[in-house]
Each structure stands twice: as structure tokens, then as C-alpha cells.
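S.K.: Okay, handing you the structure first.
In our numbering, the protein residues as written are 339 to 609.
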């Protein structure tokens, strides 16, 4: 039986197979299923985006220290026990497979991934940490960008449960704030769009919304009612103007004995 190739030899073989002429051309490396226990530094591949290392015997990830452009990383089916300090710099990572390893510490593992704001697909199942009773909700809360966790879509209900479990004070605050009021409609009744199937209704200001009552906080079922109340409770602004060319001067008023005619004044009011 042939011995498994060393990590450096595996990388060279892959470069030859793909026909890469320079390290800058390498954006993907397939090093899976080769029984590798260690990998040499991959820092020379500064444009590397896709890396398959699954189904090996890798125990540490020090070789990834400068591969900042990685977007997909497949590390499943290895012998990893700790990833602390090895992945947190990979801020562009979108897909990360870590399932079927030996990761035990849930808090340390998830903390390492916290800065990956683009991470949307994550596999952590078949690790000892996945047996924590609140494992899934904890990951969802700490890593809000993840949409697919362990091959299962993250639901809105799970996000709400995670928020309530790990941030109860803020959750109670959010629940205490309400907008609008309950609609008296049977549960499950269809809600259609407001098209012109009914005659236009006359806007009626709700009771209690008197003029200048700025402290009134009555909610509205229809936004048009709120617009009406806002319009009629605004303070008035009045603009007046006159034609000063038709106003007699002091000397003209002394020379003329007839009574002055009232001034023509134009007044405009705005709300």
C-alpha cells in the first residue's frame, strides 16, 4: 500500500494537475481524501478562495494564517479538536464545513466565527459540542448571518427563540413596545389589497384627537386617518402682503383732505 503524500507534495501535485503558472493564479485547491495530517503554509496563494481539505487527518489549522480571501472552506471529516485563533481572520468566508471532527467547546468555537459577517452556511454536526441542549439556538444567536445550519434552514421562529433565551431583558423591552392596535378580524381571514372595490370613504378623525392635542397617542387602523389628524392639528402660519406703491406717503396724506381708502391686503394661511 502506497504511503500518503506529505502536505507539501500534495500541494505541488495539485498545482501540476491544474496547470497553474504562478501562485497568483490559484483561486482553488482540492486536497481532499489524501490522508494528510499536516499542510504547509498556504500564504503564497493570496487569491485563494476555495479550499477542500475534507476527509483527511488534520489536527491544526496554522497554515491558513494569511489566506484572507477564502470564501469556501471544507474541513469536515478531520481530527480537529480546537480552532481557536485559526479562522477568525477569514472575514470573507461564506461556507464553512466543520462537521465530523472532535470540537468540544461550543463557546470557544462559535466565538472564533463571530467576526464572519458573510458566513451563511455552517456545518458543526457530529462534533461533541453539538450535543449541548441549547447548541442550535446558541449558534443562531451568536452568528446571525448564518442561514443554513447543519443542512437545515434557520427559521424566524428559531431566531426569536434564540433572542428570547440569550437576551431576555432586551426581548422583554421589544415585546413591551407596540405599534397600531389589534384588528378585529377573525384569525385566518384573508387580507386582500385595498383596491378600488369599495367606494371612497370619508375620513373621520377618531374621537379624542382634538385640535392641538399633541399628547394624544391614539393609534390608527388606516394611515390616511393619521395624515388627516396631523394636518388639522398643525399650527396656522399666516402670510400677509400689500402693494406699497398704492400707500400714500405722510406728505401726500397732509396735502389731501379726503379720507384714505382701506389698503388692499392679501392674506394666505398655511397649516
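Cβ atoms here follow ideal geometry from the backbone N, Cα and C, with glycine treated the same way.
Using 8 Å as the Cβ pair cut-off and three pairs as the minimum, do the region 433-452 and the region 409-424 touch?
M.R.: Result yes; three or more Cβ-Cβ pairs closer than 8 Å.
S.K.: Return the first residue and the last residue of the alpha helix (DSSP H) that residue 355 is part of.
M.R.: Per DSSP, residue 355 belongs to the alpha helix (DSSP H) from 345-356.
S.K.: Please report the distance separating the alpha-carbon of residue 411 from that of residue 483.
M.R.: C-alpha separation (whole angstroms): 17 Å.
S.K.: Whole angstroms are fine: how far does the CA of residue 465 sit from the CA of residue 479?
M.R.: One C-alpha to the other measures close to 19 Å.
S.K.: Under a Cβ-count criterion, where at least 16 other Cβ atoms within 10 Å of its own Cβ denotes burial, should residue 377 be classed as buried or exposed?
M.R.: Under this definition residue 377 is a buried residue.
S.K.: Going by Cα to Cα distance, which pick from 490, 505 and 489 is closest to residue 476?
M.R.: For residue 476, the nearest C-alpha among the options comes from 505.
S.K.: Based on DSSP bridge pairs, tell me the residues matched to residue 433.
M.R.: Partner(s): 410 and 459.
S.K.: Classify residue 389 as buried or exposed, calling it buried when 16 or more other Cβ atoms lie within 10 Å of its own Cβ.
M.R.: Classification for residue 389: buried.
S.K.: Roughly how many angstroms lie between the CA atoms of residue 372 and residue 427, to the nearest whole one?
M.R.: Distance between the alpha carbons of residue 372 and residue 427: 26 Å.
S.K.: Jot down the residue ranges of each uninterrupted beta strand (DSSP E) in the region 367-403, minimum 3 residues, whole runs only, in chain order.
M.R.: DSSP runs (the beta strand (DSSP E)) wholly in the region 367-403: 388-390.
S.K.: Could you check how far apart the C-beta atoms of residue 434 and residue 401 are, in whole angstroms? I think they sit under 8 Å.
M.R.: That pair is no contact at about 16 Å.
S.K.: Go ahead and pull the three-state DSSP assignment for residue 444.
M.R.: The answer is helix: DSSP assigns residue 444 an H, G or I state.
S.K.: If we call anything under 8 Å between Cβ atoms a contact, is residue 385 one with residue 362?
M.R.: Yes; because the gap between Cβ atoms is below 8 Å, this pair is in contact.
S.K.: Per DSSP, what kind of secondary structure is residue 490 in: helix, strand or coil?
M.R.: DSSP places residue 490 in strand when its eight states are reduced to three.
S.K.: Alpha carbon to alpha carbon, how far is residue 391 from residue 351? Give it in angstroms, no decimals.
M.R.: In a straight line, the C-alpha of residue 351 is about 15 Å away from that of residue 391.
S.K.: For residue 475, report the span of its alpha helix (DSSP H) as first-last.
M.R.: Unbroken alpha helix (DSSP H) run through residue 475: 473-480.
S.K.: Helix or strand or just coil, what does DSSP make of residue 503?
M.R.: The answer is helix: DSSP assigns residue 503 an H, G or I state.
S.K.: Express the C-alpha separation of residue 490 and residue 403 in angstroms, rounding to a whole number.
M.R.: Taking the straight line joining both Cα atoms gives about 30 Å.
S.K.: What is the DSSP secondary structure of residue 586, counted as helix, strand or coil?
M.R.: Reduced to three states, the DSSP call for residue 586 is coil.
S.K.: Work out the CA separation of residue 445 and residue 457 for me, nearest whole Å.
M.R.: Going by the C-alpha atoms only, they are around 17 Å apart.
S.K.: When you compare the CB positions of residue 459 and residue 430, do they come within less than 8 Å of one another, or not?
M.R.: No; because the gap between Cβ atoms is not below 8 Å, this pair is not in contact.
S.K.: Excluding the 5 residues flanking residue 488 on each side, which residues of the same chain have their C-beta closer than 6 Å to its C-beta?
M.R.: Closer than 6 Å at the Cβ level, and outside the excluded window around residue 488, lie 461 and 463.
S.K.: Taking buried to mean at least 16 other C-beta atoms within 10 Å of its own C-beta, is residue 481 buried or exposed?
M.R.: It counts as buried.
S.K.: Just the Cα atoms here: how many angstroms apart are residue 383 and residue 503?
M.R.: One C-alpha to the other measures close to 42 Å.
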